[in-house]
Amino acid sequence: MKNFNINKIIRPHLLSLKTYDAVNPPDLLSKKSGIPENDLIKLNGNENPYGASPKAIAALKNLPMHLYPDPDQIKIRNAISKYTGLPIDNIVAGAGADEIIDLIFRIFISPGDSILDCSPTFGMYSFCAKIAGADVKFAERDSKYDLDINEIEKNINKKTKLIFITSPNNPTGNLVSYEHIKYLLKKEILVVVDEAYFEFSKSSVQNLVLDHPNLIVLRTMSKWAGLAGLRIGYGLMHSSATKYLMEIKPPYNINVAAEAALLASFEDVSLLQKNVDMIIENRDWMNIELNKINNLTAYPSFGNYILCEFTKNYSKTVYGELEENGIFVRKFNTERLKNSFRISIGTEVQNKKVLQIIQKAMNHE
């Protein structure tokens, strides 16, 4: 039917949904800036500047691409079990932690339910909530971007089904206290703790999942292991929740390349940890140097990134200078972060170049 109007059968609440603000790949950034791809410094996606493990790269050769992967993820979940110390029955792997988030919404959230978002934070939670037709309540963080328990309490009501908490928080870098998570677990809601940057902080609540059916912990291989392009993450949870996620996930959601790279990465943890240690060292150095610049506050971070907050309108000037030099960082459109941007930690050479350009731009103001 040529004149069929597709909008008539789309769920009404999706007609006005805005696309998630994802980062562009290097080739598009190159076209946008006119700078050759090899000369770009891409620090807007919290990607690992050192890349994947050599063992992971080697594992991608001669894969059985003509065969479907294991729907039960046995090898993957066993490897994650060995790494985390949790039983296989408490583990589900996804095509990135994003897929686990999507599965959580599919299982637990109905249209009209309410979720709590501790803003500013990772935008995927509220995006998935809108797709699900859920109501998003925002419990704003305090002046230092720490979790505000009083704000959370104010926003919990009979329709509240779950709360998302990121630790370290993206983009601010804060850790959430163990006591706050234990307190929230006493509520009649699902508590999802996103530990995507766990390897950079070593702070976790994973030990609580065995005794708390209302806790799910998210992890990813994108950051510490450098596998962002292969999309693989996992959730740690009570076995009663694992059952449902395993039942409704797509049967072959982890492709053979992602599986091979994950297994090889867990065989090369010592090398990957050295890369993490270098990122932490560069992050802490960068934070000190940035805070020497007038009209700029670099917040302490336990992730692989730093949130830079500028007085007045300096952020636009500095962002423009960085972009002109082929350096891409993450800016935000929200009112609270309109004068801020997030810098992913790169190599030592990249970080020094970024710092030099920021210093120069601020000195001209």
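Offset between the sequence shown (1-based) and our numbering: plus 13. Where is the CB? At the ideal position from N, CA and C, for every residue including glycine.
Check                                                                                                                                                                                        : Outcome
Look up K150 in the DSSP assignment and give the residues it is bridged to.                                                                                                                  : L129
What did DSSP end up calling R385 once you bin it into helix, strand or coil?                                                                                                                : Because the chain is modelled from 14 through 378, residue 385 falls outside the range shown and cannot be assessed.
Distance check for K45 and A311, CA to CA, integer angstroms please.                                                                                                                         : 28 Å
If we ignore side chains and look at the alpha-carbon of each, how far apart do E192 and L275 end up?                                                                                        : 32 Å
Check each candidate in A374, G109 and F345 and name the one with the smallest Cα separation from Y247.                                                                                      : G109
Less than 7 Å between the beta carbons of Y210 and G136, yes or no?                                                                                                                          : no
By alpha-carbon positions, which one of E294, R296, I261 and E302 ends up nearest to P84?                                                                                                    : I261
With a threshold of 7 Å on Cβ separation, who are the neighbours of D161 within its own chain once the five nearest residues in sequence on each side are excluded?                          : A152, E153, R154 and D155
Rounded to whole angstroms, what's the CA-CA distance from L12 to N20? Just pull it up for me.                                                                                               : Any property of residue 12 remains undetermined from this structure, which presents the chain solely from 14 to 378.
Which residues in the same chain as P49 place their Cβ atom closer than 7 Å to its Cβ, once the five residues preceding and following it in sequence are excluded?                           : S43
For V105 versus T233, is the C-beta spacing smaller than 7 Å?                                                                                                                                : no
At which residues does the beta strand (DSSP E) containing D207 begin and terminate?                                                                                                         : L203 to D207
May I have the straight-line CA-CA distance separating L175 from H377, to the nearest angstrom?                                                                                              : 47 Å
Between A277, L303, N346 and S353, which has its C-alpha nearest Y96's C-alpha?                                                                                                              : A277
Given this structure, state the Cα-to-Cα distance separating M299 from D290, to the nearest angstrom.                                                                                        : 14 Å
Quick one, are the C-beta atoms of V222 and V206 less than 7 Å apart?                                                                                                                        : no
Starting from the C-beta of N352, find all residues in its chain whose C-beta is less than 8 Å away, skip the five residues before and the five after it, and write them out in chain order. : E322, F323, T324, K325, N326, Y327 and S328
Assign F17 to one of two classes, buried (16 or more other C-beta atoms within 10 Å of its C-beta) or exposed (fewer than that).                                                             : exposed
Identify every run of the alpha helix (DSSP H) within the stretch 64–108, keeping only runs that are complete inside it and at least 4 residues long; order them along the chain.            : 67–72 and 87–97
CA-CA distance, T73 and I113?                                                                                                                                                                : A small correction: the amino acid at residue 73 is Leu; Thr does not occupy that position in the sequence shown. Computed Cα separation, rounded: 24 Å.
The alpha helix (DSSP H) with S283 in it runs from where to where?                                                                                                                           : V282 to L303
Spatial neighbours of G64 within its chain, please: C-beta separation below 7 Å, excluding the five flanking residues on both sides.                                                         : G239
Tell me which residue opens and which closes the beta strand (DSSP E) that I356 is part of.                                                                                                  : S353 to S357
Kindly indicate the opening and closing residues of the alpha helix (DSSP H) around V367.                                                                                                    : E361 to N376
Exposed or buried, which one is I165 when buried takes at least 16 other CB atoms within 10 Å?                                                                                               : buried
What is the DSSP secondary structure of R24, reduced to helix, strand or coil?                                                                                                               : coil
Taking the straight line between their C-alpha atoms, what separation do you get for H79 and V269?                                                                                           : 10 Å
Note down, in chain order, each residue of its chain lying with its Cβ closer than 7 Å to the Cβ of I306, except the 5 sequence neighbours on either side.                                   : I371, Q372 and M375
Can A271 and L76 be called in contact, C-beta distance under 7 Å?                                                                                                                            : no
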